[in-house]
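Residue numbers (our numbering): 64 to 956.
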């Protein structure tokens with residue numbers, strides 16, 4: 064059972080409080096370019112790392128590594144010709160000459176050092192060139208080995224200087240205080256780290272790479288900004304981070320804070336905040352506006368566990384998950400509801416009297432399985448200020464603490480690193496004091512976003528790439544998991560209830576979701592049985608398999624015919640052709656996707672595909688509006704059009720559902736409350752053979768959530784509604800086309816490379832390497848210096864660049880199935896990529912530990928773009944919309 068969050072009040076402030084600089088025009092002063100019926104969204108999201116790039120490798124080491132790489136590759140290219148020359152020589156040589164020829168031939172064949180005597184003889188051209196290349200190899204190896212310790216010391220000094228950067232430490236102070244301690248010690252070492260400091264190098268490098276390479280919003284490690292298209296805007300690849308235009312926005316975690324404040328109300332109402340009575344109102348229904356599930360509640364297949372507060376003590380209790388209790392929890396899955404509404408819904412579901420249902424609700428409250436809903440609006444713009452207004456000065460001690468909390472949050476925005484550490488320590492003391500006054504203690508977690516002023520961006524230099532992105536999106540949408548989930552749910556519903564049936568959604572959502580995921584696990588063998596009668600589901604699966612085979616076969620041919628070529632350019636129109644036969648059922652609804660891309664020399668490198676309609680930037684819309692931007696209006700307009708395309712009325716679910724990142728300003732005209740969810744019915748349209756949702760008055764509605772949380776963690780009713788209405792994340796990197804079908808062939812003996820895949824000016828997939836037994840994952844007898852040499856040799860022979868990213872395959876479907884059974888998968892989110900510089904002594908030293916910490920199935924991928932000195936890592940979220948029945952065809956901005 065997932066935790067649910069208390070409701071948001073109907074009246075929510077329009078935008079988040081902003082601390083920092085004033086707006087500077089941009090999207091707020093120039094009209095944005097609107098899209099046509101289909102195409103690019105008029106708003107794009109920028110993610111940029113404030114810490115500029117810097118590679119740690121010393122110039123001497125980088126030069127030696129490059130020399131060794133080139134010499135090794137030259138040797139490899141000359142080997143075949145040299146062997147042929149030596150074979151001819153061996154046919155006529157005799158005695159010691161024959162022995163010398165055979166010895167050198169073996170050295171060439173095995174790629175090993177020749178005997179010194181080989182250099183004193185005269186050899187044919189290719190053989191002489193091979194020997195000269197080997198001399199360069201020996202020289203480069205000697206430089207790497209003899210100069211290793213000096214270069215390592217230089218890199219440690221560079222690392223100490225780099226991690227001393229204030230932007231880096233400011234973020235660590237909030238997100239990783241223990242790492243900050245290690246970073247500050249390392250910075251003070253000035254390149255002469257102690258043994259303890261050296262042990263922390265792996266962790267420091269991991270966080271430093273996160274700050275320089277991986278762009279995803281996390282405190283000040285990444286800044287975000289919303290932009291509109293304009294010919295006068297900054298080009299996609301010319302973004303320069305400007306600190307004076309960045310605004311640090313700090314707030315408390317709204318879920319835990321709302322609970323803490325609710326626990327303060329009894330003392331405030333009694334006017335005894337100094338000696339707080341921590342009795343909660345959860346033990347009785349009387350006087351409670353709404354009730355919600357205990358946030359600590361956890362369910363298994365046959366029991367629930369939860370924390371019950373008795374005075375100053377907290378006990379962990381368990382109780383059997385009976386049919387009646389299961390019904391009660393399913394009816395409160397969407398958030399706090401009024402006890403009277405809950406009782407009536409429970410009576411209707413169980414077929415008992417209202418009085419009997421009310422007693423069940425009362426008993427659940429007495430046990431603290433249900434608690435009173437939060438009195439504070441979880442979506443409040445400024446939670447501490449809203450809490451002070453709610454308490455109304457009735458608890459002076461609490462009011463003083465909340466005032467200090469607001470002041471501390473404001474000071475955190477501009478504090479130096481030592482000041483931030485001190486202020487965060489002060490907040491811990493505030494947390495302890497507030498917890499002593501509340502009946503619902505919790506963590507006072509602080510969140511920070513780093514948001515840029517609105518601006519404008521130009522498509523100059525990337526118009527062709529933006530057009531090609533449409534073809535890539537059309538192809539990617541073929542693999543949208545919600546296609547099959549919608550089809551499976553529809554057929555399952557008809558099997559259970561009959562064509563044209565209508566049932567209460569909350570009564571059946573959990574069981575339907577569980578059953579759909581069970582059928583999904585067997586879909587490959589039973590698609591025709593589990594799918595609609597029109598045969599669309601098996602056609603979808605065959606279309607996907609054919610698409611993957613088409614790409615995989617081209618990769619296989621490329622490996623055979625052009626093994627040294629780094630890139631495979633797919634034919635123009637191929638991806639669109641492979642997706643053209645998508646059955647009408649899966650194209651009939653409108654769709655929107657957000658493509659994460661990085662611009663490189665006129666190309667857009669694809670990083671990921673998410674649901675569109677502003678989802679990845681949702682929590683930043685309020686601040687953007689306050690700064691003068693119009694992204695919120697754009698997203699609201701597009702979302703309303705997307706979700707109402709077939710006549711359904713979109714209604715926004717405004718709950719946080721237990722996760723602070725679901726916070727955002729209201730966007731849609733209508734909302735759906737937890738009480739209204741109780742009346743929603745799931746119905747089958749026999750004409751279109753699809754499922755739809757009806758409200759209590761029979762109006763077709765489309766409940767949607769616009770939050771940023773992973774949809775598979777939503778309560779079952781909302782999860783089912785999302786399947787029916789929205790697109791899903793598509794794990795392009797896990798489609799499996801990089802290895803053509805090989806039957807029962809044994810695993811490769813050497814590293815397998817996959818070329819870079821491109822479609823026009825879009826890089827669909829970077830170059831990859833799946834390490835084989837030849838990969839030197841750890842140092843050998845020659846130690847770290849020898850490991851650097853061995854890795855460089857392996858890179859040269861396998862064509863691996865010096866900047867790579869370690870990635871791990873991820874099966875989202877398998878994770879969802881595991882969660883549907885109640886099991887907790889070990890890795891329910893994709894493992895974050897790890898950047899490694901293989902031309903760095905420190906990078907190579909950390910490599911074994913990076914690999915040890917990753918699950919099986921890891922591979923290496925080229926870092927494209929790589930770390931560029933003085934440049935900031937940049938990623939854009941470019942969204943494309945498609946009307947119902949159409950295809951993705953972007954209109955140029």
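Quick reminder that beta carbons are idealized off the backbone N, C-alpha and C, glycines included.
Note that the structure is a prediction, hence the values are computed from the model and not measured.
Here the segment 939-947 lies against the segment 649-666, with 3 or more beta-carbon pairs under 8 Å apart. When DSSP states are grouped into helix, strand and coil, residue 586 belongs to the helix group. Close CB contacts of residue 128 within its chain, under the 6 Å cut and outside five residues either way in sequence, are with 855, 902 (chain order).
Going by DSSP, residue 565 is part of the beta strand (DSSP E) stretching over 565-567. One Cα belongs to residue 752, the other to residue 796, and the distance between them is close to 33 Å. Excluding the 5 residues flanking it on each side, residue 839 has same chain C-beta neighbours closer than 7 Å at 850, 853, 854, 857, in chain order.
Under a 10 Å Cβ-count criterion, residue 577 is classified as exposed, with fewer than 16 other Cβ atoms of the shown protein chains found around its own Cβ. From the listed residues 113, 105, 592, 124, the smallest Cα separation to residue 907 is found for 124. The secondary-structure analysis by DSSP pairs residue 352 with nothing; it has no beta-bridge partner. A direct Cα-Cα distance of roughly 40 Å separates residue 201 from residue 937. If you ignore the 5 residues before and after residue 521, its C-beta comes within less than 8 Å of the C-beta of 292, 293, 294, 295, 296, 297, 298, 299, all in its own chain and listed in chain order. Secondary structure within the segment 749-821: the alpha helix (DSSP H) runs of 4 or more consecutive residues, fully enclosed, are 779-788 (chain order). The three-state reading of DSSP puts residue 870 in strand, counting E and B together.
Less than 9 Å divides the Cβ of residue 738 from the Cβ of residue 401. Between residue 814 and residue 835 the beta-carbon gap is near 5 Å, inside 8 Å, which marks them as a contact.
Across the structure, residue 315 and residue 508 are spaced so that their CA atoms are roughly 6 Å apart.
For the pair residue 683 and residue 512, the CB atoms are nearer than the 9 Å cut-off.
Residue 837 and residue 477 have their C-alpha atoms some 51 Å from each other. Looking at the DSSP output, residue 376 sits in a beta bridge with 373.
For residue 827, the three-state secondary structure derived from DSSP is strand.
The segment 450-519 is shown to contain whole beta strand (DSSP E) runs of 3 or more residues at 509-515, in chain order.
In the DSSP assignment, residue 225 falls within the alpha helix (DSSP H) that extends over 211-225. Contact check between the segment 613-633 and the segment 645-653: fewer than three CB pairs, one atom from each, fall below 8 Å, which does not count as touching. With a 10 Å radius around the Cβ and a threshold of 16 neighbouring Cβ atoms, residue 777 comes out buried. Short of 7 Å from the beta carbon of residue 566, and not among the five residues preceding or following it, lie these beta carbons of its own chain, in chain order: 560, 744, 745. Residue 475 sits close to residue 313, with the two beta carbons spaced by under 9 Å.
Under DSSP, residue 106 takes part in a beta bridge, and its partners are 291. Counting every other CB atom within 10 Å of its CB across the protein chains shown gives residue 516 a total of 16 or more, marking it as buried. Judged by their CB atoms, residue 134 and residue 175 are not nearer to each other than the 9 Å cut-off. The Cβ-Cβ distance between residue 110 and residue 282 does not fall below 9 Å. Boundaries of the beta strand (DSSP E) around residue 671: 666-674.
About 12 Å separates the Cβ atoms of residue 546 and residue 789, ruling out a contact at the 8 Å cut-off. Cβ neighbours of residue 638 within its own chain (closer than 6 Å, five residues either side excluded): 534, 538, 822. According to the DSSP secondary-structure assignment, residue 657 is paired through a beta bridge with 673, 942. Counting the other Cβ atoms within 10 Å of the Cβ of residue 736 gives 16 or more, which makes it buried. Residue 204 is positioned such that its CB atom lies closer than 9 Å to that of residue 131.
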